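All remarks here apply to the structure that follows.
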Amino acid sequence: MDATDKKLITLIQSDFPITDRPYAAIGRQLGISEQEVINRIEEIMKSGEIRRLGASFDSRRLGYTSTLCALHVPPEKLEKAVAAINSYHNVTHNYERNHYYNVWFTLIAPSRERIGEILMEIEKSAGVGPVLDLPATRLFKIQVDLPVI
Amino acid sequence: MTPRPFVDIAAQAGMSPEEVISCVDRWKQEGTIRRFGAMVRHQRLGYTANAMSAWDVPEGRSEEVGRILAAAPEVSHCYERPRAEQWDFNVFAMIHGGSPEECEKVAAGLARRTGIDNYSLLYSSREFKKISMKYFIE
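Protein chains in written order, with the working numbering: chain A, 294 to 442; chain B, 1084 to 1221.
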């Protein structure tokens, strides 16, 4: 990645133009052609620094509810538990972390009832639990872009 | 990728490109779309350590402490959540850095500024899943 790639990522992280020809608009800001913007973005996506280009929705405004879940899983049950958790499209992030609660995942669903059901299914099918269900009670900061360094 | 992405979306949605653009614009203004653009893999951009910091904050101070944690540029997300069995922390802040030491430094600075010294840093050792949510497919 060169300096132009970094500027490009910074620009399209937070300020992607919502216009008929967005890459032409970006090109004008960076002093490169529309085609070069497209080529560069395709390259960056191929090498993996950009995961996706598009909208990130506020789940609450779409009527959904979300939570953070934590779970203690002994090593011999880890594979089965991860497969059970990951099988839900409602699970968007799932990480192993260095704590007694070693599996942490986020869950987005249409209702609190559905969240309860999913957590019960996970506990049952993987023989683990109880899952800690920690829905946010206050939001101080959500998903802010980090500077490209 | 094509030069006119909203024309492609419009074709798939059975709408006109103008309708798609005004819809996305409106959703952005209302906050239904939180952001529109590139979703990056932070790990590939040099943020190789991400620490979930968890803080034990007295109930009456969570608003004030949450604001201080959220103001740090290294913090991407910050929430208050309930305490639980064997989990005596109620404020969470995701800290991103180039190394665990960098994350620890940030956390130590935040501990000084907030006066909260009971906190824990949980590092991710493996990523099992990271996707974007697809809504309305139930």
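By construction, the Cβ of each residue, glycine as well, lies at the ideal position given by its N, Cα and C atoms.
Note that the coordinates shown come from a computational prediction; the quantities given were computed from them, not determined experimentally.
Query, Result
"For Phe398/A, the residue or residues it bridges with in DSSP", "Cys362/A and Asn387/A"
"Euclidean distance between Cα positions of Val1103/B and Glu1184/B", "46 Å"
"Closer than 9 Å to chain A by CB, Gly1097/B", "no"
"Residues of its chain near Cys1106/B, where Cβ-Cβ distance is below 8 Å and the 5 sequence neighbours each way are ignored", "Met1098"
"Alpha helix (DSSP H) runs contained entirely in the region 299-369 of chain A, provided each spans 4 or more residues", "315-323 and 327-340"
"Chain B contact for Glu327/A (CB, 9 Å cutoff)", "yes"
"Ala377/A versus Tyr394/A: straight-line alpha-carbon distance, rounded", "17 Å"
"Beta-carbon proximity list for Tyr1130/B, same chain, < 8 Å, skipping 5 on both sides", "His1179, Gly1180 and Gly1181"
"Beta-carbon proximity check, Ala1121/B vs Ile401/A, cutoff 9 Å", "no"
"Buried versus exposed, by CB contacts within 10 Å (16 or more), Gly409/A", "exposed"
"The region 1100-1131 of chain B: positions lying closer than 8 Å to chain A by Cβ", "Pro1100, Ile1104, Val1107, Asp1108, Trp1110, Lys1111, Glu1113, Gly1114, Thr1115, Ile1116, Arg1117, Arg1118, Phe1119, Gly1120, Ala1121, Met1122, Val1123, Arg1124, His1125, Arg1127, Leu1128, Gly1129 and Tyr1130"
"Residues bridged to Phe1119/B (per DSSP)", "Ala348/A"
"Whole-angstrom distance between Arg1117/B and Cys1186/B, CA atom to CA atom", "26 Å"
"Whether Phe334/A touches Met1084/B by CB criterion (9 Å)", "Note that residue 334/A is Ile in the sequence shown here, rather than Phe. Contact flag set, yes."
"Interface positions of the region 416-440 of chain A facing chain B (Cβ-Cβ less than 9 Å), listed along the chain", "Pro423, Leu425, Asp426, Leu427, Pro428, Ala429, Thr430, Arg431, Leu432, Phe433, Lys434, Ile435, Gln436, Val437, Asp438, Leu439 and Pro440"
"Under 8 Å from the C-beta of Asp308/A: neighbouring residues of chain B", "Gly1120"
"Supposed close pair Ile337/A, Ile302/A - CB separation, criterion 8 Å", "7 Å"
"Minimum C-alpha distance to Glu372/A - residue among Leu439/A, Phe309/A, Gly420/A and Phe350/A", "Gly420/A"
"Glu1168/B beta carbon less than 9 Å from that of Pro423/A", "yes"
"Under 8 Å from the C-beta of Ala1153/B: neighbouring residues of chain A", "Phe433 and Lys434"
"Cross-chain neighbours of Val375/A in chain C, by beta carbon under 7 Å", "Considering every chain present, this structure includes no chain C. Its protein chains are A and B."
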